[in-house]
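Number of protein chains: 2
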Amino acid sequence: MYPESIRSLIESFKYLPGIGEKTAERLAFSVLDLEEEQIELFSESLLDVNNKVHKCSKCNTLTEEDLCYICSDSGRNSNVLCVVEDTKSVFLFEKLGMFSGKYHVLEGLISPLDGINPEDIGLDKLLDRVQEEKFEEIIFAFKPSIEGETTALYVKKILDDLDIKITRLASGVPIGADMEYVDSLTLERALNDRKEIE
Amino acid sequence: MYPESIRSLIESFKYLPGIGEKTAERLAFSVLDLEEEQIELFSESLLDVNNKVHKCSKCNTLTEEDLCYICSDSGRNSNVLCVVEDTKSVFLFEKLGMFSGKYHVLEGLISPLDGINPEDIGLDKLLDRVQEEKFEEIIFAFKPSIEGETTALYVKKILDDLDIKITRLASGVPIGADMEYVDSLTLERALNDRKEIE
Numbered sequence: 000m001y002p003e004s005i006r007s008l009i010e011s012f013k014y015l016p017g018i019g020e021k022t023a024e025r026l027a028f029s030v031l032d033l034e035e036e037q038i039e040l041f042s043e044s045l046l047d048v049n050n051k052v053h054k055c056s057k058c059n060t061l062t063e064e065d066l067c068y069i070c071s072d073s074g075r076n077s078n079v080l081c082v083v084e085d086t087k088s089v090f091l092f093e094k095l096g097m098f099s100g101k102y103h104v105l106e107g108l109i110s111p112l113d114g115i116n117p118e119d120i121g122l123d124k125l126l127d128r129v130q131e132e133k134f135e136e137i138i139f140a141f142k143p144s145i146e147g148e149t150t151a152l153y154v155k156k157i158l159d160d161l162d163i164k165i166t167r168l169a170s171g172v173p174i175g176a177d178m179e180y181v182d183s184l185t186l187e188r189a190l191n192d193r194k195e196i197e
Numbered sequence: 000m001y002p003e004s005i006r007s008l009i010e011s012f013k014y015l016p017g018i019g020e021k022t023a024e025r026l027a028f029s030v031l032d033l034e035e036e037q038i039e040l041f042s043e044s045l046l047d048v049n050n051k052v053h054k055c056s057k058c059n060t061l062t063e064e065d066l067c068y069i070c071s072d073s074g075r076n077s078n079v080l081c082v083v084e085d086t087k088s089v090f091l092f093e094k095l096g097m098f099s100g101k102y103h104v105l106e107g108l109i110s111p112l113d114g115i116n117p118e119d120i121g122l123d124k125l126l127d128r129v130q131e132e133k134f135e136e137i138i139f140a141f142k143p144s145i146e147g148e149t150t151a152l153y154v155k156k157i158l159d160d161l162d163i164k165i166t167r168l169a170s171g172v173p174i175g176a177d178m179e180y181v182d183s184l185t186l187e188r189a190l191n192d193r194k195e196i197e
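Chains as they are written, first to last, in numbering that gives the first Met the number 0: chain X, 0 to 197; chain V, 0 to 197.
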């Protein structure tokens with residue numbers, strides 16, 4: 000029914016998560032309204048992302064260079080390492096602009112139920128790096144979940160001999176949340192981690 | 000912050016209607032999880048849509064050929080012409096599979112407020128075609144709106160001398176709608192167009 004190239008563009012949009020037939024059709028037709036240069040840039044940047052982007056050889060953040068811009072920035076605080084579960088987290092923190100240390104990106108979180116075991120998330124590379132660079136503090140910035148907790152405990156155990164201060168992000172009641180909608184685990188954590196008002 | 004090609008892919012997704020920064024970021028990152036062939040197909044189909052797709056020389060439906068598959072299908076009923084406001088409507092009707100006649104796609108609807116006047120929507124081409132092919136019935140399938148009504152009335156006027164039956168889609172209460180949520184214009188139309196139960 001659709002011309003072949005429109006059909007194939009619809010299928011391509013459907014590869015993306017959360018995009019079904021109807022949305023893919025709407026997006027494919029909207030491409031027809033774009034300027035020629037916009038379409039060419041779109042097409043080219045897809046190929047570029049595929050061909051040029053890879054993991055930083057030191058910290059695994061996505062980059063087009065050998066070292067990402069954070070690892071190659073000598074102005075950053077190299078005493079603190081923030082360990083995250085994916086590259087997106089790096090960009091989230093960078094947007095916030097409040098952390099000036101270094102990052103290390105794991106290849107996901109330990110999740111035995113999904114078949115992801117400790118040896119699957121690139122801990123060797125982290126351990127090698129931590130032994131080589133002398134960090135004073137390592138921050139675990141995983142999502143607060145069973146997987147996040149498991150990974151944090153496991154990584155803490157293998158780093159324990161190295162005498163480095165290990166911290167995790169605070170969890171608790173999010174700013175602006177209605178108390179009645181806060182789940183019990185979060186509330187429990189918020190209570191345990193309560194801080195003295197100074 | 001982002002590698003250049005990811006940044007440029009995010010910008011490209013933002014060209015599309017309804018896609019803001021956050022969604023564009025999510026989509027761009029999800030491209031990184033696609034297979035290489037999927038990305039290449041995606042990239043190629045964008046260029047193809049731009050280079051190969053154009054309007055059918057007879058009816059304006061989007062096609063990769065000179066004539067679209069509907070115009071070149073001799074098995075269709077060439078006595079009935081369905082006039083629509085855009086190519087998408089053609090595909091909507093084709094999906095439904097209940098109409099076996101021909102189509103003609105206008106270049107939008109008359110909308111003086113938006114600066115779209117009768118001479119802007121390609122009526123010459125429609126008139127030429129109607130004079131050449133001998134249709135018995137012409138169906139206006141525009142959206143029920145001021146613009147749709149205006150266009151229908153205007154086109155009916157210029158086709159009036161040709162002695163062709165001119166119809167429009169029924170409008171009324173949509174199937175499954177709660178009566179209390181039906182707007183008054185729709186209800187008025189439904190009442191005026193009421194049908195005898197046979």
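Positions of the beta carbon are idealized from the N, C-alpha and C atoms, including for glycine. These numbers were taken from a predicted model, which means no experiment stands behind them.
Within 10 Å of its beta-carbon, does D85/V have 16 or more other beta-carbons around it, so buried, or fewer, so exposed? To locate residue 85/V, count along the second sequence from 1; it is residue 86. Classification for D85/V: buried.
Quickly, what does DSSP pair C81/X with across the bridge? List them, please. As a first step, residue 81/X must be located in the first sequence, where it is residue number 82. Paired residues: Y102/X, I138/X.
Return no unless some Cβ of chain X is closer than 8 Å to the Cβ of M97/V. In the second sequence, counting from the first residue as 1, residue 97/V sits at position 98. No, because no Cβ of chain X sits closer than 8 Å to the Cβ of M97/V.
So S71/V contacts chain X; which residues on that side make the cut at Cβ distance below 8 Å? On the second sequence, position 72 is the one that residue 71/V refers to. Correct list: empty, because the minimum Cβ distance to chain X is about 13 Å.
For the stretch 128-147 of chain V against the stretch 95-115 of chain V, are there 3 or more C-beta pairs whose distance is under 8 Å? yes
Strictly under 8 Å for the Cβ-Cβ distance: is V48/X near chain V by that measure? Walking along the first sequence from the start, residue 48/X turns up at place 49. Closer than 8 Å to some Cβ of chain V, the Cβ of V48/X qualifies, so yes.
Alpha-carbon spacing of L40/V relative to L8/V, whole angstroms: Within the second sequence, numbered from 1, the residue matching residue 40/V stands at position 41. Within the second sequence, numbered from 1, the residue matching residue 8/V stands at position 9. So the two alpha carbons sit approximately 16 Å from each other.
Our contact map puts S4/X next to E63/V with C-beta atoms below 8 Å; I'd like the distance itself, whole angstroms only. Reading the first sequence from its first residue, position 5 is the one you call residue 4/X. Reading the second sequence from its first residue, position 64 is the one you call residue 63/V. That pair is a contact at about 6 Å.
Within the stretch 111-189 of chain X, ranges of the beta strand (DSSP E) (whole runs, at least 3 residues): 136-139, 164-167
Within 8 Å (strictly less), CB to CB, does E84/V reach chain X? Counting from 1 along the second sequence, the entry for residue 84/V is found at position 85. False, the Cβ-Cβ gap to chain X never drops below 8 Å.
Just checking my contact of V104/V with C58/V at CB under 8 Å: how many whole Å lie between their CB atoms? In the second sequence, the residue the question calls residue 104/V occupies position 105. In the second sequence, the residue the question calls residue 58/V occupies position 59. With a Cβ gap of about 6 Å, V104/V and C58/V count as contacting.
Check distances from the C-beta atoms of the stretch 18-44 of chain V to those of chain X and list, in chain order, the residues that come in under 9 Å. I18, T22, E24, R25, L26, A27, F28, S29, V30, L31, D32, L33, E34, E35, Q37, I38, E39, L40, F41, S42, E43, S44
According to DSSP, what are the bridge partners of T22/V? To locate residue 22/V, count along the second sequence from 1; it is residue 23. None; T22/V has no bridge partner.
Per DSSP, cross-strand counterpart(s) of L61/X: Start at 1 with the first residue of the first sequence, and residue 61/X comes out as number 62. According to DSSP, L61/X bridges with K54/X.
Since G175/X and D192/X are thought to touch, with beta carbons under 8 Å apart, how far apart are those beta carbons, to the nearest angstrom? Translated into positions along the first sequence, residue 175/X becomes position 176. Translated into positions along the first sequence, residue 192/X becomes position 193. About 18 Å; that fails the 8 Å criterion.
Under the three-state reduction of DSSP, which class applies to G10/V: helix, strand or coil? On the second sequence, position 11 is the one that residue 10/V refers to. The identity of residue 10/V in the sequence shown is Glu, whereas the question assumes Gly. The answer is helix: DSSP assigns E10/V an H, G or I state.
Should I5/X be flagged as near chain V, meaning a C-beta pair shorter than 8 Å? As a first step, residue 5/X must be located in the first sequence, where it is residue number 6. So, interface residue.
Nearest to L80/X (by Cα), restricted to the options D32/X, L126/X, E36/X, I120/X: In the first sequence, residue 80/X corresponds to position 81, counting from 1. Per the Cα distances, L126/X.
Which residue's Cα is closest to the Cα of I115/X: D160/X, V83/X, T149/X? In the first sequence, counting from the first residue as 1, residue 115/X sits at position 116. Comparing Cα positions, the closest option is T149/X.
Give a yes or no on whether the C-beta atoms belonging to E35/V and N76/X are separated by under 8 Å. Within the second sequence, the letter at position 36 stands for residue 35/V. Within the first sequence, the letter at position 77 stands for residue 76/X. Not closer than 8 Å, so no.
Excluding the 5 residues flanking K164/X on each side, which residues of the same chain have their C-beta closer than 7 Å to its C-beta? In the first sequence, residue 164/X corresponds to position 165, counting from 1. Excluding sequence neighbours, K164/X sits near E135, E136.
Would F90/X pass as an interface residue toward chain V - the criterion being a Cβ-Cβ separation below 8 Å? Locating residue 90/X in the first sequence gives position 91, counting from the first residue. At least one chain V Cβ lies under 8 Å of F90/X.
Measuring CA to CA, which of F92/V, G100/V, I145/V, V82/V is closest to R167/V? Here the question's residue 167/V lines up with position 168 in the second sequence. Among F92/V, G100/V, I145/V, V82/V, the Cα nearest to that of R167/V belongs to V82/V.
What do you get for Y180/V, buried or exposed, if any count of 16 or more other CB atoms within 10 angstroms of its CB means buried? Your numbering for residue 180/V matches position 181 in the second sequence. Its Cβ having fewer than 16 others within 10 Å, Y180/V is exposed.
Residues of chain X with CB under 7 Å from E93/V, in chain order? Within the second sequence, numbered from 1, the residue matching residue 93/V stands at position 94. M0, listed in chain order.
Contacts around V30/X, its chain only, beta-carbon distance under 7 Å, and the 5 residues preceding and following it disregarded: The count along the first sequence starts at 1 and reaches residue 30/X at position 31. The answer, listed in chain order, is L8, I38.
Tell me whether N76/X sits in a helix, a strand or coil according to DSSP, three-state version. Position 77 of the first sequence, counted from the first residue, corresponds to residue 76/X. N76/X: coil per DSSP, three-state reduction.
Have a look at I18/V, D182/V, L46/V, S42/V and flag the residue whose alpha-carbon is nearest the alpha-carbon of D47/X. Within the first sequence, the letter at position 48 stands for residue 47/X. Residue S42/V is the option with its Cα nearest to D47/X.
Does the distance from the C-beta atom of L15/V to that of L26/X stay below 8 Å? Taking the second sequence and counting its residues from 1, one reaches residue 15/V at position 16. Taking the first sequence and counting its residues from 1, one reaches residue 26/X at position 27. A contact, by the Cβ cut-off of 8 Å.
Beta-carbon proximity check, P117/X vs Y153/X, cutoff 8 Å: Here the question's residue 117/X lines up with position 118 in the first sequence. Here the question's residue 153/X lines up with position 154 in the first sequence. Yes, the Cβ-Cβ distance between P117/X and Y153/X is below 8 Å.
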